[in-house]
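Colleague: So for the sequence shown, my numbering puts the first residue at 1152; every next one is plus one. Handing you this structure, nothing more for now.
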Amino acid sequence: MHSSNHIVKFPDDTTVVGLISKNDESAYREEVQRLTAWCKANSLSLNVDKTKEMVVDFRRAQSDHSPLFIDGSPVEIVESTKFLGVHLAENFTWSLNTTSISKKAQQYHYYLRRLRKAHLPPPILTMFFRGTIQSV
1152 MHSSNHIVKF PDDTTVVGLI SKNDESAYRE EVQRLTAWCK ANSLSLNVDK TKEMVVDFRR
1212 AQSDHSPLFI DGSPVEIVES TKFLGVHLAE NFTWSLNTTS ISKKAQQYHY YLRRLRKAHL
1272 PPPILTMFFR GTIQSV
């Protein structure tokens, strides 16, 4: 593995993070090809439809990023993705993640109000709050 790349593995998910400097994407692209070959050699298949690529580019003059291909299929380039429960955007602002957390808390708050209207005892309401809203 090239020193500018990092692979994060989970039982059902793998993330390749690559630092591309001086417009040289070769190490990153080779890493993806090695991962693809490893999957084939170990009887695993990559679902290209679920595979996404997010490009973070802080340069003033951004250049076009040529598409990445896996087994002849292009990988979709996205502006945001969810990684370990955190919504990441290509510009690294927190607004997308904050909005997502806020929406989730509002949904749970609705259910908490419904439980309260059903006259559930306070200990049950507290347990629901701690298990859903507080953990968000």
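Note that CB positions come from ideal geometry on N, CA and C, so glycine has one too.
List, from N- to C-terminal side, the beta strand (DSSP E) runs of 3 residues or more that fit wholly inside the region 1180-1244.
Modeller: 1203-1205, 1227-1229, 1231-1234, 1237-1240
Colleague: Return the CA-CA distance between R1264 and V1287, expressed in angstroms with no decimal places.
Modeller: For this step, residue 1264 is matched to residue 113 along the sequence shown. For this step, residue 1287 is matched to residue 136 along the sequence shown. Cα to Cα, the separation comes out at about 17 Å.
Colleague: Could you give the first and the last residue of the continuous beta strand (DSSP E) run that contains R1157?
Modeller: The count along the sequence shown starts at 1 and reaches residue 1157 at position 6. Note that residue 1157 is His in the sequence shown here, rather than Arg. Segment 1156-1161, the beta strand (DSSP E) holding H1157.
Colleague: Could you please give me the residues that DSSP links to T1166 through a beta bridge?
Modeller: Indexing the sequence shown from 1 puts residue 1166 at position 15. Looking at the DSSP assignment, T1166 forms a beta bridge with V1159.
Colleague: Would you call E1230 buried or exposed, if buried means 16 or more other Cβ atoms sit within 10 Å of its Cβ?
Modeller: Position 79 of the sequence shown holds residue 1230. Flag for E1230 reads exposed.
Colleague: Quick check on L1170: buried or exposed, where buried means 16 or more other Cβ atoms within 10 Å of its Cβ?
Modeller: Residue 1170 sits at position 19 when you count from the first residue of the sequence shown. Burial call: exposed.
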